[in-house]
Amino acid sequence: MLNIVMYFFMAFGVIAALYAVNTSSVVKAVFAMFATFFSVSAMLILAQAEFLAIAHLMIYIGGIIVVMIFAMMLSSKNIIDDTVEVEKETSAFRFTKLISGIASLAIFVLLAKVILSQNPTKIARTDSVNSIQQFGTQLLSNYAFPLEIISLLLLVALMAASIITRKEKSNV
Amino acid sequence: MFEVNSIQMMQLFSAALFCIGFFAVITKKNMVLILVGIELMINASIVNLAVFDHLFNKIDGQMMALFAMVLSAASIAVALAIVIKAYQYFKTVNPDEINNLKN
């Protein structure tokens, strides 16, 4: 039963990702990525990383998708029109695309060969500690310094983003 | 909860997402779609970290994945700001056509 759910979400995510990279419209690509993020979040739940799954849902679907859509829709009217990809179907471009497809398929085959050659044995969960509880304890003891650094970095990055996109006054 | 096969399937899912993202990054001629590809690759790494964390029954992989997620959010905010500014300046989002640093 759980395997069926897993296979469903895997197929959903891979198909949505393939659609996202094959469509030429940016808005369609972003909405297809929404589906991919949802299935990634389901994968995290199936890997027993519940807190991570909820954080992923909040950061990606609640944050990044909204930021991408708003950034395109609020900035300028014709950025949507201009971001529709003009693929000049020249033979050179098609050749590049074919070579890139073969290269990424080769990387996938290599990774799949490595993955399937391993035989991972799951270490049985010995403690009955809740994962989220353990997560919080670790975050405030062993990982307190990285947490502070990463929060500072996020603050600086968001300030930088808002400063970069600010409209400049003409003569000051 | 899982037998071995499921863990391998999740690793394969992660590898597939990574390769799709890689394909998007090297073929797309639109900066926003390249960002989509980068996000797919980061998501693949997050899934991989969580799966290995589940395999070895530790919490460190999840911690790493959380930090990767925050870094990805920060990078996407700055990258989108740069894309919008570059569009206003060069009137194009094709990275092949943006080839001068000055003027």
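Going down the list, the sequences are from chains L and Y. Taking my numbering, the leading residue of the first sequence gets 10, the next gets one more, and so forth. Taking my numbering, the leading residue of the second sequence gets 2, the next gets one more, and so forth. Cβ coordinates follow ideal geometry from the N, Cα and C atoms, glycine included.
For Y/Tyr90, the number of other beta carbons within 10 angstroms of its own is below 16, and it is reported as exposed. Per DSSP, L/Gln127 lies in no alpha helix (DSSP H) segment and is marked neither H nor E. Put simply, the backbone Cα of L/Gln143 is about 45 Å away from that of Y/Val94. In terms of CA proximity to L/Thr174, Y/Ile83 leads the group Y/Ile21, Y/Met42, Y/Ile83, Y/Gln63. Following the DSSP letters along the chain, one finds L/Ser140 inside the alpha helix (DSSP H) bounded by residues 140 to 149.
Collapsing the DSSP output to three states places Y/Leu56 in a helix. Taking a contact as a CB-CB distance under 8 Å, the pair Y/Ala87 and L/Leu53 does not count as one, their CB atoms being some 33 Å apart. Apart from sequence neighbours up to five positions away, the residues of its chain that approach Y/Ala69 with a beta-carbon distance below 8 Å are Ile43, Ser46, Ile47, Leu50, ordered along the chain. Taking 8 Å as the threshold, the shortest C-beta distance from L/Ala153 to chain Y does not fall below it.
Note on geometry: alpha-carbon atoms of L/Thr146 and L/Ala64 lie some 17 Å from one another. For Y/Ile35, there are no C-beta contacts with chain L under 7 Å, since the nearest C-beta of that chain is about 10 Å from it. Among the CB atoms of chain L, none fall inside 8 Å of the CB of Y/Phe91. Between the segment 34 to 41 of chain Y and the segment 75 to 82 of chain Y there are three or more inter-stretch CB-CB distances shorter than 8 Å, so the stretches are counted as touching.
For Y/Ile39, none of the residues of chain L pass the 7 Å Cβ criterion, the least Cβ distance being about 11 Å. The C-beta of L/Ala38 comes closer than 8 Å to at least one C-beta of chain Y. Not a single C-beta of chain L is nearer than 8 Å to the C-beta of Y/Ser46. Taking 4 residues as the minimum length, the alpha helix (DSSP H) runs contained wholly in the segment 99 to 128 of chain L are 100 to 126, in order along the chain.
Residue-level contact by beta carbon fails for Y/Asp97 and chain L, as no gap is shorter than 8 Å. Residue-level contact check: Y/Leu102 does not touch chain L, since none of the beta carbons of chain L fall below 8 Å from its beta carbon.
Secondary structure note for L/Thr45: its alpha helix (DSSP H) is the uninterrupted segment 35 to 55. Ranked by Cα distance from Y/Lys29, the first of L/Gly72, L/Ala29, L/Leu164 is L/Ala29. When secondary structure is reduced to three states using DSSP, L/Thr174 falls in the coil class, being assigned neither helix nor strand. Taking the Cβ atoms as the reference, Y/Phe14 lies roughly 5 Å from L/Met19, within the contact range of under 8 Å. Chain-ordered, the chain L residues with CB closer than 7 Å to the CB of Y/Ala78 read Val76, Ala166, Leu167, Ala170. Proximity to Y/Asp97 across Y/Leu67, Y/Leu81, Y/Val26, Y/Met64 peaks at Y/Val26, based on C-alpha coordinates. If you check the CB distance, L/Leu120 and Y/Ala16 come in under 8 Å. Not one beta carbon of chain Y lies nearer than 8 Å to the beta carbon of L/Gly145.
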